[in-house]
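J.:
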Amino acid sequence: MVERTAVSEPNFIRRFEIQLSGLTEVERQLSERLVEAAVGTAPIYEEQQNDLFPGANLYPHDATAKEIEEAANQNPEILSEYTTVKRAGDGKLTAIPYHHQYHQLLVPVVEKLIEAAEICEDQDLKNYLILRSQSLLDGDYEKSEKVWIANPEPTVDIVIGPYDRYIDKLFSRKYAYLSWSGIIDREQTQEAQQFINSFLAVYGWNGSPIRARVDKTRIFSGLASIGWSANNLPCQADWREKYGSKVTIFAPSFHARFQNRLAALHSILPASKEFEDDHLEGVSRIFLFAHETCHPLIRRPGDESRLKGQYSTVSELYCDLLGIHVAKNLIGRRLSEQDWYLLMPTFISW
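Numbering (the working numbering), first residue to last: 1 to 350.
1. By DSSP's criteria, Arg87 is part of a beta bridge. Which residues make up the other side?
2. In three-state DSSP terms, what is Asp215?
3. In the DSSP assignment, the beta strand (DSSP E) including Thr24 goes from what residue to what residue?
4. How many angstroms separate the CA atom of Asn11 from the CA atom of Asn231?
5. From Leu317, Pro345, Asn329, Gly309, pick the residue whose C-alpha is nearest to that of Ala65; which is it?
6. Spatial neighbours of Ile130 within its chain, please: CB distance less than 6 Å, with the 5 preceding and 5 following residues excluded, ordered by chain position.
7. Tell me the DSSP secondary structure of Gly55 in three-state form.
8. So the alpha helix (DSSP H) Asp277 belongs to, where does it begin and stop?
9. Please determine if the stretch 319-333 and the stretch 291-307 are in contact, where contact requires at least 3 C-beta pairs separated by less than 8 Å.
10. Could you tell me the boundaries of the beta strand (DSSP E) in which Asp303 lies?
11. Hey, Thr84 and Ser179: beta-carbon distance below 7 Å or not?
12. Does Ile167 come out as helix, strand or coil in the three-state DSSP assignment?
13. Can you name, in chain order, every residue of its own chain whose Cβ lies under 6 Å from the Cβ of Trp148, other than the five neighbours on each side?
14. Which residue marks the beginning of the beta strand (DSSP E) containing Thr248, and which one marks its end?
15. Going by beta-carbon coordinates alone, are Pro296 and Arg240 separated by less than 7 Å?
16. Would you kindly check if the distance between the Cβ of Val156 and the Cβ of Lys27 is under 7 Å?
17. Taking Ser267 as the reference, give the member of Trp350, Thr189, Ser208 with the closest Cα.
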């Protein structure tokens with residue numbers, strides 16, 4: 001695997017060095033435009049994040065949870081995923097839509113997306129880029145999200161906008177700006193899709209489709225700069241039910257994390273030293289596929305309201321354990337019994 005070097009940058013941007021030799025000249029130019037667009041989400045995230053407060057900079061620092069909840073009873077937009085909460089001159093809490101609050105920072109991002117759309121030869125991706133640029137400025141994210149989920153996997157892709165609740169430790173409601181962009185690994189994508197299909201079959205899933213993409217990621221920006229190994233979108237349970245969902249595995253980030261956790265795995269299970277690193281990395285990949293596939297299986301509307309600040313922790317742990325449990329039914333099909341026994345120490349070390 002070539003993508004082994006990650007270069008960390010300040011201001012919530014992380015780049016990966018990957019091979020671009022398989023791209024056409026137009027695809028190379030397209031990828032550069034999308035990377036430039038991704039960079040633009042970092043300053044927005046920088047305005048949102050603040051580790052000193054459980055609500056980051058998404059709510060007034062002097063506002064209590066009780067005050068926010070009471071205000072939300074009068075104005076539900078207070079707890080919308082897509083608003084930041086400010087205190088007005090009269091002292092009352094008010095909600096400002098993201099696309100208004102961050103408009104000036106979003107304009108250059110949108111310009112890069114439009115530039116990318118103008119040179120894009122993939123009509124499905126071109127349509128998504130145009131719709132996404134509109135979504136960032138008008139706040140209607142669903143129209144572009146459903147197109148992204150339904151599109152055949154493009155060679156070059158980008159996810160960009162407000163997603164995931166990790167920095168809202170007060171209510172686990174509000175999304176943070178992030179982006180990633182990369183190049184598809186079609187062989188590993190096919191492998192991931194086959195595993196997910198088998199996993200869903202033994203689980204008995206008859207809901208909306210879950211698709212896979214293994215991405216040779218070039219850049220993480222904004223919230224994504226924390227260095228995920230994988231992600232499952234969309235975040236909204238009702239959108240998952242209507243449109244399906246997509247698991248993205250970030251190949252270079254996953255590989256780097258595996259290398260960093262290998263010593264911990266050997267410490268937890270000394271017998272793991274008997275296996276080649278490539279084999280253990282394959283088991284770790286299975287664990288990741290299983291975990292991410294479980295997100296739409298467990299998520300229901302209202303979970304965030306019930307669990308509040310504990311939502312992210314509980315849902316991630318639930319997906320870890322459910323994934324290992326369901327994967328046991330794949331012994332003899334997609335994994336061996338000894339590999340299944342490796343999943344638990346992999347989870348602990350991960």
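Glycine included, C-beta positions come from ideal geometry on N, C-alpha and C.
T.: Concretely, from the data shown:
1. Leu93
2. In this structure, Asp215 counts as strand in the three-state DSSP scheme.
3. No beta strand (DSSP E) holds Thr24; DSSP gives it neither H nor E.
4. C-alpha separation (whole angstroms): 21 Å.
5. Gly309
6. Ala117
7. Coil.
8. The continuous alpha helix (DSSP H) containing Asp277 extends over residues 277-298.
9. Touching, per the Cβ criterion.
10. It is not in any beta strand (DSSP E) - Asp303 instead sits in the alpha helix (DSSP H) that spans 303-307.
11. no
12. Correct three-state label for Ile167: coil.
13. Tyr128
14. 245-250
15. yes
16. Looking at the sequence provided, one finds Glu at residue 27 rather than Lys. Result yes, Cβ atoms of Glu27 and Val156 sit closer than 7 Å.
17. Trp350
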